[in-house]
């Protein structure tokens, strides 16, 4: 069966510090991968998605970036965090194709102080 | 661009009462549709999905949803609410490319004893 992991689970970082969040998927190959952010009262915002190694599409321009160094690894990064980067970050994967649902990881709670 | 509208950011019901969470989509072509549930500080879990075929879809935890093309709706129902149903619920539709999903803003369900 497939599983998706995210770490860390919680993170408190000062403004201006770097960020690296990691997501890995097990039990499948060549998945589509997604990064979402949930800010209070704003629903889910798609940040990045990837259909293959090294292929990243950005949905929202901001100071975040994503990378996919391996087939089942997806990393969200920032060089300098802003207060507005606080939120709940969710990674998800899918088989690709419109009829397939996305499966979500447990999330990372990021607080920028 | 497609969109998903969830009527009511907060819904409160009594235990044992009917649960009705509303979702409307905007698309000229019937999309694939999904309902997810999110418990506090957790990732999203798929409740049910509509792709093709029967318009009444049954999901986990006693939930079901009916796809109505004429009303562009995909409302979620459960005949009898349980305290454990208290959570946030998200409706989503596929956007026709790469398996990306468009999410509604979510409806927070409270269940009163």
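Protein chains in written order, with the working numbering: chain X, 1 to 113; chain W, 1 to 113.
Positions of the beta carbon are idealized from the N, C-alpha and C atoms, including for glycine.
Since we're looking at a predicted model, the values are computed, not measured.
With 9 Å set as the bound, which would you pick, yes or no: does the beta-carbon of residue i sit closer than that to a beta-carbon of chain X?
i, result
"residue 24/W", "no"
"residue 76/W", "no"
"residue 69/W", "no"
"residue 101/W", "yes"
"residue 41/W", "yes"
"residue 59/W", "no"
"residue 53/W", "no"
"residue 36/W", "yes"
"residue 132/W", "The structure shown does not extend to residue 132/W, since chain W spans only 1 to 113, so no value can be given for it."
"residue 46/W", "yes"
"residue 8/W", "no"
Am I right that residue i and residue j are in contact with their C-beta atoms under 8 Å? What's the rounded C-beta distance?
i, j, result
"residue 119/X", "residue 78/X", "Only positions 1 to 113 of chain X appear in this structure, which leaves residue 119/X out of reach."
"residue 76/W", "residue 65/W", "5 Å"
"residue 25/W", "residue 94/W", "The pair is not a contact, with the Cβ atoms about 10 Å apart (cut-off 8 Å)."
"residue 29/W", "residue 109/W", "At roughly 30 Å, the Cβ-Cβ gap does not stay under 8 Å, so residue 29/W and residue 109/W are not in contact."
"residue 81/X", "residue 112/X", "5 Å"
"residue 25/X", "residue 55/X", "At roughly 16 Å, the Cβ-Cβ gap does not stay under 8 Å, so residue 25/X and residue 55/X are not in contact."
"residue 102/X", "residue 101/W", "6 Å"
"residue 87/X", "residue 39/X", "4 Å"
"residue 51/X", "residue 105/X", "In fact, because the Cβ distance is near 18 Å, the residues do not count as touching under 8 Å."
Can you check whether the CB of residue j is closer than 9 Å to the CB of residue i?
i, j, result
"residue 22/W", "residue 8/W", "yes"
"residue 49/X", "residue 90/X", "no"
"residue 28/X", "residue 68/X", "no"
"residue 50/W", "residue 63/W", "no"
"residue 64/X", "residue 83/X", "no"
"residue 45/X", "residue 22/X", "no"
"residue 96/W", "residue 4/W", "no"
"residue 110/X", "residue 20/X", "no"
"residue 106/W", "residue 6/W", "yes"
"residue 12/W", "residue 112/W", "yes"
"residue 74/W", "residue 38/W", "no"
Using the beta-carbon count (16 or more within 10 Å), is residue i buried or exposed?
i, result
"residue 56/W", "exposed"
"residue 41/W", "exposed"
"residue 70/X", "exposed"
"residue 35/W", "buried"
"residue 31/X", "buried"
"residue 12/X", "exposed"
"residue 92/X", "buried"
"residue 70/W", "exposed"
"residue 94/X", "buried"
"residue 81/W", "buried"
"residue 4/X", "buried"
Does chain W have any CB closer than 9 Å to the CB of residue i?
i, result
"residue 42/X", "yes"
"residue 109/X", "yes"
"residue 46/X", "yes"
"residue 14/X", "no"
"residue 8/X", "no"
"residue 69/X", "no"
"residue 18/X", "no"
Relative to chain W, which residues along the stretch 82 to 104 of chain X have a C-beta separation below 9 Å, given in chain order? 88, 90, 91, 92, 94, 95, 96, 97, 98, 99, 100, 101, 102, 103 and 104
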